[in-house]
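For reference, the structure discussed in these notes is given below.
In the UniProt record's numbering, the protein residues as written are 1 to 162.
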């Protein structure tokens, strides 16, 4: 199972077991709630799907794409601010709403990857703000690591509000 698929399943398994009243509770006024974090994941994946689809359509083939340490994405000691377009727009969400958005964003990502062949996965790149040019395969793993990072954040939120 790929990191992308594994991370999504872990995320869904975890959040669907949480008490409903904990899903829209933030640690403080400057923090996201569990469902805002999940909404962020869907917004990011939707946007990245468009970027990757464009890269696939352009098919700028790079012979040797350098492997980046994308596994470091899970390191929560390194803090990043999400771009505005990846920030949740509402204070509260329903679990059904964010799960539906996650499903739609994954469909969009799968649709983008459906247009790529095996060579594209290793040799077509798109820019990542943290790591620079990533191959499509690296992007796939990055999204999985990004979800693992935020699952850890969700667990921190739950521990803090419990």
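Note that the Cβ used here is the ideal one computed from N, Cα and C, for glycine as well.
- As for any alpha helix (DSSP H) of minimum length 4 sitting wholly inside the UniProt domain "DinB-like" (4-154), the runs are 34-58, 95-114 and 118-123, ordered along the chain.
- Just so you know, the alpha carbons of residue 21 and residue 90 end up roughly 17 Å apart.
- The Cβ atoms of residue 145 and residue 73 lie closer than 7 Å to each other.
- By the neighbour-count criterion, in which a residue is buried when 16 or more other Cβ atoms sit within 10 angstroms of its Cβ, residue 75 is exposed.
- Residue 136 is positioned such that its CB atom lies closer than 7 Å to that of residue 116.
- Judged by their CB atoms, residue 62 and residue 123 are nearer to each other than the 7 Å cut-off.
- Here residue 105 is near residue 46, since their CB atoms are less than 7 Å apart.
- Our two residues, residue 148 and residue 58, have alpha carbons roughly 30 Å apart in a direct line.
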